[in-house]
């Protein structure tokens, strides 16, 4: 005797090879009802060697399949797999695209969940489709992000065209350029972790099967990738794109970007431009949507993530308002379906070798010191061990090739015109600098993606040849010494020299330093120390772009060094050392430095040191007299961040 029992979903492959899902009843040998577990999926491929049903007929309620299997087959789940009731409800079968969402859409016990989805406009036929969470970091008040809602709409169209259900949602962001030089910068770095937490929350709570995230500004990129790594569901990042170059030809500035606005403060303070010229620069440097155009933090992270394999080719170099960017949005749906079909997860792409490719890209392009923090945090999220010393190893063997702002002439738009990030990657593969065997979000390797794509244009001036680099090794140097026993990060492009020794002038905030600069108290030969700006002390490890830009504008960039336990913007250039650990708030030696102390910075390969020239005894005396200042936040999100955040050397993570 056979008994018909309800099955939540039946996966049928028809004669045309099209997968169809429908509610069904399947026959089983006569057994007590208590012997049965809920069936996840019944595969019935007519004519296939994997066929397990012997007969089938269509009824008004769906397909009826009579199954030939023994009691032992059933109880050992040879044909049927019990549904996992744990969060996620993962099914690793490659034939099932809705591995997670079916926990909501297919179980009879989830009627209220299904009712809510019907209320959003979903139809019955949509309930068996994979659900793709489309996360955008959109808000109107920032050019990096103001267009992302439009990109998300295009992504949703592409997802639907690929036969899946797109579910758009939003998360928060912070504009570093707007908050720079104010207390608002304390919210910048912690926004990375809020972005990661919020995407993880929405994806996890609603059982979405895959994720496409659309970031635009600096901390957006690592935030989205950290969320993908934690969830480990098929995912890809679609970068919002770079801004076009600005310009003010009427005052002799044909090419401008946002950094010109920062540097105009120092130029004005030291009488190099007048107020009218300053205003013209400010009004002309940002012409429309997109992230800051040089190899600053946003473009650094976008190119590194493309080299890692977590975004589609050209994602990092195509401008925000380009036709290529809109095409990428439509193509993202096909790509995420491929990842779902092959069950390719971030952990399969974000390998140790992939992180090395990302680090190589950072060194070649002269990218931001923020990449050190973010790549370490991303690696920890996916279970890959990455330390600041790994950056030094890659830097030692990787030349600096990109003549791009902030230290060079060109912007991201220029790189795109000569072939874009894929052409640069193709060149690096030819020179054996990156591993092209690594898997990517196309479902193919880097080498397969690059095959047939154009190379860098002949006679282009953006990327120097390996044989004639800007610098034979990378621009990022990891320094240790009595100021930074746990490490510090220096950005040295080769134009600053490799050594600096000078008298310290110490400030406990960047506001104090800017006031001193306006009074012209900072002189050539000094080491400017800005402390209590670390992860806890800042709080949030704010970037020191305003001070460095002011120093450059004042004409002191070649004669002054800057040292901080805070961060530097990707737009920073000059002799700058940041990420000093331990930070001042935690009693690090940077808290013990006084005006007039001599500091020696030696970035030569045989040294790589940063020291205050004082005896251990003097430092110990000062340490005994030191008292930690009160925390700058006593409640709210910044207080939570202070309590959770790790040191800069471990990525400023908040979940360990």
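Numbering (my numbering), first residue to last: 418 to 1073. Using N, Cα and C, we set each Cβ at its ideal position, and we do this for glycine too.
Sub-8 Å separation of residue i and residue j beta-carbons
i, j, result
"residue 572", "residue 633", "no"
"residue 651", "residue 678", "no"
"residue 789", "residue 944", "no"
"residue 855", "residue 768", "yes"
"residue 712", "residue 613", "no"
"residue 1066", "residue 904", "yes"
"residue 549", "residue 629", "yes"
"residue 644", "residue 616", "yes"
"residue 922", "residue 1028", "no"
"residue 781", "residue 832", "no"
"residue 858", "residue 728", "yes"
"residue 890", "residue 816", "yes"
"residue 672", "residue 662", "yes"
"residue 829", "residue 739", "no"
"residue 957", "residue 1056", "no"
Cβ-based burial, residue i [other Cβ within 10 Å; buried from 16]
i, result
"residue 806", "exposed"
"residue 814", "exposed"
"residue 776", "buried"
"residue 779", "buried"
"residue 535", "exposed"
"residue 538", "exposed"
"residue 840", "buried"
"residue 1073", "exposed"
"residue 606", "buried"
"residue 1043", "exposed"
"residue 974", "buried"
"residue 754", "buried"
"residue 1064", "buried"
"residue 525", "exposed"
Three-state secondary structure (DSSP) of residue i
i, result
"residue 587", "strand"
"residue 1062", "coil"
"residue 460", "Any reading at residue 460 must be qualified, since the residue scores a pLDDT of 36, below 50, and its modelled position is unreliable; no value is offered."
"residue 767", "coil"
"residue 1002", "helix"
"residue 470", "Low confidence applies to residue 470: its pLDDT is 35, below 50, so where it sits in the model is not reliable, and the reading given next is rough at best. In this structure, residue 470 counts as strand in the three-state DSSP scheme."
"residue 875", "coil"
"residue 520", "helix"
"residue 747", "helix"
"residue 920", "strand"
"residue 563", "coil"
"residue 825", "coil"
"residue 435", "Confidence at residue 435 is low in this model, with a pLDDT of 37, below 50, so its placement is unreliable and no value can be given for it."
"residue 895", "strand"
"residue 621", "helix"
"residue 736", "strand"
"residue 1028", "strand"
"residue 817", "strand"
"residue 890", "coil"
"residue 552", "strand"
"residue 592", "coil"
"residue 863", "helix"
"residue 1054", "helix"
"residue 1015", "strand"
"residue 531", "helix"
"residue 582", "strand"
"residue 810", "helix"
"residue 908", "strand"
"residue 856", "strand"
"residue 995", "strand"
"residue 753", "helix"
"residue 1010", "coil"
"residue 880", "strand"
Chain D within 8 Å of residue i, Cβ atoms only
i, result
"residue 886", "Checking the listed chains, one finds no chain D in this structure; it contains a single protein chain."
Practice task
Would you list, in sequence order, the uninterrupted beta strand (DSSP E) runs of no fewer than 3 residues that lie entirely inside the segment 624-652?
Solution key: 627-631, all fully within the segment 624-652.
Exercise for the section: Pair every Cβ in the segment 635-654 with every Cβ in the segment 752-764, then say whether three or more of these pairs are closer than 8 Å. Expected result: The segment 635-654, when compared against the segment 752-764, does touch it at the 8 Å Cβ threshold.
Handout entry: Inter-stretch contact (C-beta, 8 Å, three-pair minimum) for the segment 653-667 and the segment 703-717
Key = Touching, yes, given that three or more Cβ pairs across the two stretches are closer than 8 Å.
Exercise for the section: Could you tell me whether the segment 1001-1009 touches the segment 860-877, using the rule of 3 or more Cβ pairs below 8 Å? Expected result: Contact fails: fewer than three Cβ-Cβ distances are below 8 Å.
Problem - Segment contact, 8 Å Cβ cut-off, at least three pairs: the segment 696-706 with the segment 614-625 - result: Result no; under three Cβ-Cβ pairs closer than 8 Å.
Practice task
Kindly provide the ranges of any beta strand (DSSP E) runs that are 3 or more residues long and lie completely inside the segment 924-993, ordered along the chain.
Solution key: Look at the segment 924-993 and you find these whole runs of beta strand (DSSP E), each 3 residues long or longer: 943-947, 978-981.
Practice task
Answer yes if the segment 922-938 comes into contact with the segment 1015-1035, meaning at least three C-beta pairs across the two stretches below 8 Å, and no otherwise.
Solution key: Not touching, per the Cβ criterion.
Exercise for the section: Would you list, in sequence order, the uninterrupted beta strand (DSSP E) runs of no fewer than 3 residues that lie entirely inside the segment 648-685? Expected result: Runs of the beta strand (DSSP E) inside the segment 648-685: 652-654, 663-665, 670-673.
Handout entry: Whole runs of the beta strand (DSSP E) within the segment 757-806, excluding any shorter than 3 residues
Key = As far as the segment 757-806 is concerned, it has no whole beta strand (DSSP E) run of at least 3 residues.
Problem - Length at least 4, wholly inside the segment 695-734: the alpha helix (DSSP H) runs in chain order - result: If we require 4 residues or more, the alpha helix (DSSP H) runs fully inside the segment 695-734 come out as 714-725.
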